[in-house]
Every structure is written in C-alpha cells, then in structure tokens.
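With this note's numbering applied, the sequence shown covers 1 to 278. So the structure is just underneath, and the comments pick up after that.
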Amino acid sequence: MQIGIRLHDTPSLALPERLAYTRDQGFTCAHVALAKVIDTFEVNNSTLTPGFAMYLKKLFAQNDLDVAVLGCYLNLADPDGVRLADTIGKYRAQIRFASWLGAGVVGTETGTPNSLYAPDPASRTEEALYTFTKNLSCVVEYAEKMGVVVAIEPVCQHIVYSSRRARQVLRSIQSPNLQIILDPVNLLDNSNAGRQKDVVKEAIDVLGEDVAVVHVKDFRRIDGKVVSMAAGTGEMDYSDLIRFMKKDKPYIHATLEDTLPENASQARQFMEELWNNA
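Put into structure tokens, the structure is as follows:
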C-alpha cells in the first residue's frame, strides 16, 4: 500500500513546509481538502485555475507525494435548490481542478436530506437515495468529460449507509468514473460494531472490485457511541482489510484519518507492521 494522511491533520504550516513535513513523517500520499490547508486566500471556484493546479502538482512532486484524494465533501441531497445548484457547481470546479492536478479521485460522502447535513432518519428512505443518486449522476457525467474519477464514501449516518446501498448507487449510475472510498469504521455504529468482521467482509465482498482508496482509522465504543481515533489506538480488527488490500489492491492509496501530529507516525508504523506480517 501507499500510505498517506489527511493533510489537514498535519501541523498548520505554510504549504511547502507542510508537504516537506508530511514526507519526512514517512507518508507517500495525501488526502487534500484545499480550504483546510490553504489560508493565504479563499479557495473558491474562481481560484481553481490551471496555474494553481500546476503549482500544487510541482510542489507535491518535489516532495514525492501523490494527491490520493481531492476532498469535496458537500451535501448532494440538499433540499434547497439554490444551495444544491451551488454545490454541484463546486463539484464541477473541483473535478476540473483534479484533472489538471492529477489527483487520484475526487472524494465525497453521500449527504443527508436536510440543509444542515445533520443525521436524519429520512436518510434511509428510498426517496433520499433516489435524490442523491440523481444529483450524483450529474456530477459523474461531468467527471466522465474531464477524465476524472469520483469516489463515494459510505457512512452509516448518511444516505449511503451500507455497502449494499453503495452497490445500488454504482449499479444505478453504471459509470467507470464512479468508484468507492472504503472506510470500514464509517460503516460502524453501536448496533453493528460488535460484528465488525462481518461488516468488513461484506464491504469487501460487495464493493471490493470498485474500491479505489482506503481510509484507515480506529474506533472505541464509548457511552453507546462509536468514537473514531488514530489507527492502533482502539478495537479495530484490520486483518481482513489488510489481506484484501495486499491481495487485490497492490499499491492502493491508504490514507490515515483522525490522527494528531504526535501520533501520526506511530499510526503509520502500526499499519506498516500489519502489512508486513500479513
């Protein structure tokens, strides 16, 4: 695997220094949310120019880092038509930017059917799934034109809350430019965390062919809730995930989440030891 980190989980430095720090920590790729790591100007559609993309591309190459994921985590099920149109415009701008930058995928979660992007029981309805799929299909159609892959990340609190629900979306849109970011912990809540191995095995069985990137973190059950944390600090069983990546996904980008600067290197070493011993 090519192990990386969310860039905004690294120390808040100027971007050249942040990338140098990331490489010195032993990472080879990054999940990049531009607005969270650029503070010298506002990141908006008009600032996402070819020149900016090529500047970043050189900067990442100088530090021997890939942009594994360009993050665009906005709500594609927003019921407010004006905000939704603005959101779709932002996805298109990020997709164009990804094509110039050479990012692996443009990553997104799958939203909720309210404007607050808050947990909502209606997320589990067929109506919510239809709305999300319809809006995502417009984004994927644009990604096809730009030669970019969009990857959706199932999350148990969102509309695409399970592996089988994600497969429904893939089947509905049927595009080679739509793939999966697999984050096993995001598929867990208090109702299924005790069956984590079954959940991970199902994800591999149902989605494995279309997994483009893996997000890696750990979890603990605290006061009836699943709380995520850095890899190696909780109760996550990585054995099936590691075997899947090693056998079926050579050189896959695997980016750490929920690390702190003081434990990121340790989390990387933990995952590399699991990989080497698998």
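Every residue gets a Cβ at the ideal spot worked out from N, C-alpha and C, and that includes glycine.
What number of angstroms, rounded off, separates the C-alpha of residue i from the C-alpha of residue j?
| i | j | result |
| --- | --- | --- |
| K58 | T233 | 35 Å |
| M236 | E153 | 18 Å |
| D120 | D198 | 25 Å |
| H253 | M245 | 10 Å |
| V160 | V200 | 16 Å |
| L13 | Y91 | 27 Å |
| G26 | R268 | 8 Å |
| T112 | S175 | 23 Å |
| Y117 | T47 | 25 Å |
| F97 | N45 | 9 Å |
| P79 | R167 | 24 Å |
| T10 | N63 | 15 Å |
| A35 | V43 | 6 Å |
| N135 | A151 | 14 Å |
| D248 | E144 | 25 Å |
| A20 | E126 | 46 Å |
| V105 | E17 | 24 Å |
| L187 | M229 | 15 Å |
| L182 | F41 | 32 Å |
| V139 | D24 | 36 Å |
| A128 | L74 | 15 Å |
| A231 | M1 | 15 Å |
Taking 7 Å as the cut-off, is the CB of residue i close to at least one heavy atom of the ligand HEM?
| i | result |
| --- | --- |
| K134 | Only the bare structure without any ligand can be found here, which leaves the ligand HEM out of the picture. |
Smallest Cα separation from residue i: which of the options?
| i | options | result |
| --- | --- | --- |
| L256 | I204, V185, D248 and N190 | V185 |
| F132 | D258, V69, G102 and A77 | A77 |
| H8 | L70, A128 and I180 | L70 |
| V226 | T259, D240 and N190 | N190 |
| D258 | V216, A98, R243 and Y251 | V216 |
| R221 | L207, A212, N192 and S137 | N192 |
| V213 | L56, A103, D86 and A85 | A103 |
| Y142 | Y251, Q266 and S99 | S99 |
| G81 | S115, F52, A61 and D66 | S115 |
Give me whichever residues DSSP pairs with residue i in a beta bridge.
| i | result |
| --- | --- |
| H215 | T255 |
| A93 | DSSP lists no partner for A93. |
| C29 | G4 and D66 |
| A203 | None, per the DSSP bridge assignment. |
| M229 | D218 |
| A151 | G107 and Q179 |
| G194 | According to DSSP, which records beta bridges pairwise, G194 is partnered with nothing at all. |
| G313 | Residue 313 falls outside the range modelled here, since the chain spans only 1 to 278, and no answer is possible. |
Just confirm the distance between the C-beta atoms of residue i and residue j, as a whole number of angstroms; I'd bet it's less than 8 Å.
| i | j | result |
| --- | --- | --- |
| C72 | T108 | 6 Å |
| M146 | I95 | 5 Å |
| R243 | A278 | 6 Å |
| I180 | D218 | That pair is no contact at about 20 Å. |
| T110 | H158 | 5 Å |
| A264 | I3 | Not a contact, Cβ separation roughly 11 Å. |
| L207 | S163 | 5 Å |
| A155 | N177 | According to the sequence shown, residue 155 is Val rather than Ala. No, V155 and N177 are not in contact; Cβ-Cβ is about 21 Å, not under 8 Å. |
Between residue i and chain D, is the shortest Cβ-Cβ distance under 8 Å, so that the two count as touching?
| i | result |
| --- | --- |
| R23 | Among the chains of the structure shown, chain D does not appear; only one protein chain is present. |
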